[in-house]
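In this note's numbering, the protein residues as written are 76 to 404.
Ideal Cβ positions, reconstructed from N, Cα and C, are used throughout, including at glycine.
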Amino acid sequence: MEIVLSGIRSTGNLHLGNYFGAMKNFVRMQEESNCFFFIADYHSLTTHPTPENLFDTTKQVLVEYLACGIDPEKCTLYRQSDIPEIPELYLLLNMNAYMGELERCTTFKDKARKQPNNVNSGLLTYPVLMAADILIHRALKVPVGKDQEQHLEMTRNFAARFNRMYNVDYFPEPTAYNFGQELVKIPGLDGSGKMGKSEGNAVNLADEPEVIRKKVMRAVTDAGPTVPNQEMVESIKNLFTLLKVVSTSETVTFFTEKYNDCSIRYGDLKKQLAEDIINFTTPIRERIIELKSDNDYLRKVINQGAEKSRVSATKTINEVREIIGFRKF
Ligand code: TRP
76 MEIVLSGIRS TGNLHLGNYF GAMKNFVRMQ EESNCFFFIA DYHSLTTHPT PENLFDTTKQ
136 VLVEYLACGI DPEKCTLYRQ SDIPEIPELY LLLNMNAYMG ELERCTTFKD KARKQPNNVN
196 SGLLTYPVLM AADILIHRAL KVPVGKDQEQ HLEMTRNFAA RFNRMYNVDY FPEPTAYNFG
256 QELVKIPGLD GSGKMGKSEG NAVNLADEPE VIRKKVMRAV TDAGPTVPNQ EMVESIKNLF
316 TLLKVVSTSE TVTFFTEKYN DCSIRYGDLK KQLAEDIINF TTPIRERIIE LKSDNDYLRK
376 VINQGAEKSR VSATKTINEV REIIGFRKF
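Okay, here's the thing in C-alpha cells:
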C-alpha cells in the first residue's frame with residue numbers, strides 16, 4: 076500500500092482554509108493509503124518557543140487533527156519528538172548535506188531575514204530534518220504546499236546521494252503531492268488571496284462565535300454594485316466563495332440575486348455568512364474543547380502513535396546503520 080506522509084508545523088491553529096484544503100483530503104486518504112501524520116515539534120524549536128508554548132501548541136494541533144476526523148486507528152498519528160530514530164537519521168543525513176545547498180534554500184534565506192538574531196544551525200539544516208521525517212518511513216507521497224516543494228526536491232537529492240554513495244537502491248524518491256482537483260481553495264477575509272494566518276484573515280476552527288462574527292463583519296468589501304450584473308471585485312467574490320462552502324444554495328442564490336439587481340447590503344450578507352460559519356464550525360469547536368480535557372485519551376493516542384511509527388522507523392534505521400557500516404559484532 077502506498078505510503079503517504081505529512082508533517083504539521085506545531086504552530087498556530089487550524090483555520091477553515093486548512094479544513095477544506097488539507098484536512099478533508101487527509102481524512103479521505105487515511106481510508107485508502109498507509110498514512111503517517113505527525114506533529115513537527117522538533118522543527119518548531121528553530122524559533123525558540125517556551126516549554127509551555129511548545130507543549131500547548133503541540134497539544135492544540137493534536138486535538139484539532141482528531142477533531143477534524145483524523146482517526147488514529149486508520150493512520151499513524153504521532154509526535155516527531157517521540158521517535159528517536161528521526162534525529163538519528165537526521166545526523167546521518169547531515170554528513171551528506173552541503174553548506175552551499177543549505178544556504179541556497181529559499182526558506183532558509185527567508186527565515187534568516189526574518190530572524191537575523193537567531194540564525195541557528197537548526198534553521199540551516201531544517202530541510203535535512205524534514206528529509207529524515209520522510210525517509211524514515213520511506214514515504215512516496217508527501218502532501219505539501221508550494222512553499223515546501225524545494226524541501227521535497229532536497230529530500231530527493233539526499234535520498235539519491237545516499238543510494239549512490241553506498242551503491243544501494245534503498246531510499247525511494249518522494250514526490251510532493253498537491254491533491255490536484257480535490258483541493259478546494261478557501262479565500263481569506265482581507266480581500267485578496269487565500270486564507271492564511273495573517274491577522275484577521277482567517278477564521279480558526281477553534282474561534283468562539285463572537286470572534287467569528289467580529290472577523291467576518293470586518294471583512295473587506297467594496298462600495299457595492301452600481302449597475303445590474305456588474306462584475307464582482309475579488310473581495311466580494313471571496314465572500315461568495317465562502318458562502319458557497321458553508322451556506323445553503325438558497326442563501327447563495329438569494330444574495331447573488333441581490334447583488335445582481337444592486338439591492339445587496341453587505342452587512343446582511345456578512346451576518347448570514349458569520350452565522351453559517353458558526354453553524355459549520357460549532358461541532359468541531361465543541362469536539363476540540365472536549366478532547367482538550369481528555370488527557371487519558373490523548374495519552375493513549377500519542378503512545379499508540381509512537382509505538383506504530385517506531386515499527387517502521389526502527390526497521391529503517393537498522394537497515395541504514397547496516398548499509399553505512401555500523402555492523403554488529
Ligand atoms: N516543513 C513543513 C511545513 O512547514 C512541515 C514538515 C516538517 C513536513 N517535516 C515534514 C511536511 C515532512 C511534510 C513532510 O509545513
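DSSP places Arg213 outside both helix and strand once states are collapsed to three, so it counts as coil.
Taking each of Phe329, Pro303 and Val302 in turn and checking the Cα distance to Phe315, the smallest one comes out for Phe329. Following the DSSP letters along the chain, one finds Phe113 inside the beta strand (DSSP E) bounded by residues Asn109 to Ala115. Within the same chain, and ignoring the five residues on either side of Asn354 in sequence, the residues whose Cβ sits closer than 8 angstroms to its Cβ are Val321. Judged by DSSP secondary structure, Val79 falls outside any alpha helix (DSSP H) and instead within the beta strand (DSSP E) spanning Ile78 to Arg84.
The closest heavy atom of ligand 1 lies less than 7 angstroms from the beta carbon of Gly82. In this structure, the beta-carbon distance from Glu163 to Ile392 falls below 8 angstroms. In the three-state scheme derived from DSSP, where H, G and I count as helix and E and B as strand, His123 is classed as coil. Here the alpha carbon of Glu107 sits roughly 13 angstroms from the alpha carbon of Ile145. The DSSP-derived three-state label of Asn276 is coil.
The alpha-carbon of Asn335 is positioned some 16 angstroms away from that of Ser324. Using a Cβ-Cβ distance cut-off of 8 angstroms, the region 204-215 and the region 177-184 are not in contact, since fewer than three pairs of beta carbons, one from each stretch, lie closer than that value. Membership of Ala251 in the beta strand (DSSP E) is indicated by the continuous run Thr250 to Tyr252.
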